[in-house]
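Take any residue in the sequence shown, note its place counting from 1, add 1, and you have its number in the working numbering. Glycine included, every Cβ here is placed at the ideal spot set by N, Cα and C. For reference, the structure is listed below as structure tokens.
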Amino acid sequence: MTFDSPLSAWQHAIECNGFVQDEAQELAIMALEQCHKALHEGRKSIQGIYLWGPVGRGKTWLMDRFYESLKVPARRQHFHHFMAWVHQRSFQLTGTPDPLQALARELSAEVRVLCFDELFVSDIGDAILLGRLFQVMFEQGMVMVSTSNLPPQELYANGHNRERFLPTIRAIEQHMQVVPVNGWQDHRQHPGQLQQRYWLREPGQPDPLENIFNRLTTGQAQGREPVEVGHRLLEPLQASDAVLWSRYRDLCEQPFSAVDFMALCDRFSVILLSDVPCLSAEQREGRIARGTEDGVERVEAGDRELPQLSVHDDGVRRFIALVDECYDRKVPLYLSAPVPMEELYTEGYLQFPFRRTLSRLQEMQLQRFGQPA
């Protein structure tokens, strides 16, 4: 059902769908409603909206109702999808006097509103690109609406060369209304029909995902042939046309990127991941840049002091990117591990981003997530 405004969608959800009224959500929906009204009245200077707060408070749901009710040109993307596109398009514009300005003008000619889900900055290259890009987009009169787990002042906190990102924070605060969505309850935890997609595997016992894979692929051709992902090959445990079954080490401890996980979710409707280890470990000195490398062109960052990372954190970052992609695309993700979900990552540098991952894994245990299976 499509509504004329975000406010009418929110009111309908409370009256007809059993949503719990939340004062923090009410403040957010009123800010979105005012922005929505200003856009459709054709005003020239309009503040965007920056919704931030803990996981499960309804930020994405609220932004999606705003986006769905727009009658002006708009684009809605997960933030890491947007950054992948920015890197790729910037590379294609190499040789242009000011590639980022050209990119921003190109985007502003296509859309009036840009909606970002999960704005999060952890890489100096992204931080520097965003600084220039956001400035130009605001100058072009684009309206940005975004969600984040962090207030603007905490974006890229303790990041290398963070002073180069501070003008971006000031621009966000000048051109976007910052609205906390920090109600007392996690709306993802509301009761619903459960669909187990996380399995404990005892040492020496058969992998429970084998039966799951066989059930999901009934009547489909199965095989162990390597799966081409980007420029690399993934050795699956098994795969069909619709279902991929892989080991954690083969998918998350190999140099795959968020772009590769996008490609996997394009190709497969269900992903199974076996042998996910306990990911907590003692931190050690970082020696090289970490994380999924989405950039086609690296930005010169100068000398850097890297955070204290554990031996697992390269893989953990890829795991976080995989969960984000499956969640955003509604691709059910089945996992087997030796410890309960809440004990996967309890200590380390990535504790904060992993909270969102844990919340998303918990939501994936509900029947309403993705296709019932």
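A check of alpha carbon separations from residue 226 across 239, 215, 218 identifies 239 as the nearest. Note: residue 50 is bridge-paired with 146, 178 in the DSSP secondary-structure output. Bounds of the beta strand (DSSP E) holding residue 79 are 75-79. Of the residues 348, 365, 326, the one whose Cα lies closest to the Cα of residue 78 is 326. With contacts defined as CB atoms closer than 8 Å, residue 106 and residue 141 qualify as a contacting pair.
Cα atoms of residue 152 and residue 178: separation of roughly 11 Å, rounded to the nearest angstrom. If you compare the alpha carbons of 39, 50, 58 with that of residue 26, the shortest gap goes to 58. Relative to the Cα of residue 277, the nearest Cα in the group 328, 231, 201 belongs to 201.
Residue 240 has 224, 245 as its beta-bridge partners, per DSSP.
Bridge partners of residue 335 according to DSSP: 273. In this structure residue 95 does not touch residue 103 by the C-beta definition: roughly 11 Å separates them, more than the 8 Å allowed.
Pairing residue 180 with residue 32 gives a Cβ-Cβ distance under 8 Å. For the pair residue 71 and residue 124, the Cα-to-Cα distance works out to about 32 Å. Nearest neighbour of residue 135 by Cα position, chosen from 166, 119, 279, turns out to be 166. Residue 333 and residue 198 do touch by the CB rule: their CB atoms are close to 6 Å apart, below 8 Å.
In terms of CA proximity to residue 82, 115 leads the group 21, 74, 115, 158.
CA-to-CA, the gap between residue 232 and residue 148 works out to about 32 Å. Contact between the segment 44-51 and the segment 6-25 is not established, with fewer than three Cβ pairs separated by less than 8 Å. Across the structure, residue 29 and residue 246 are spaced so that their CA atoms are roughly 40 Å apart.
In the three-state DSSP reduction, residue 166 falls in the coil class, being neither helix nor strand. Listed in chain order, the non-local C-beta contacts of residue 340 below 6 Å within the same chain comprise 279, local neighbours out to five positions each way being set aside.
If you look at residue 267, you'll find it in the alpha helix (DSSP H) that goes 259-268.
DSSP places residue 108 within a helical segment (H, G or I) once states are collapsed to three.
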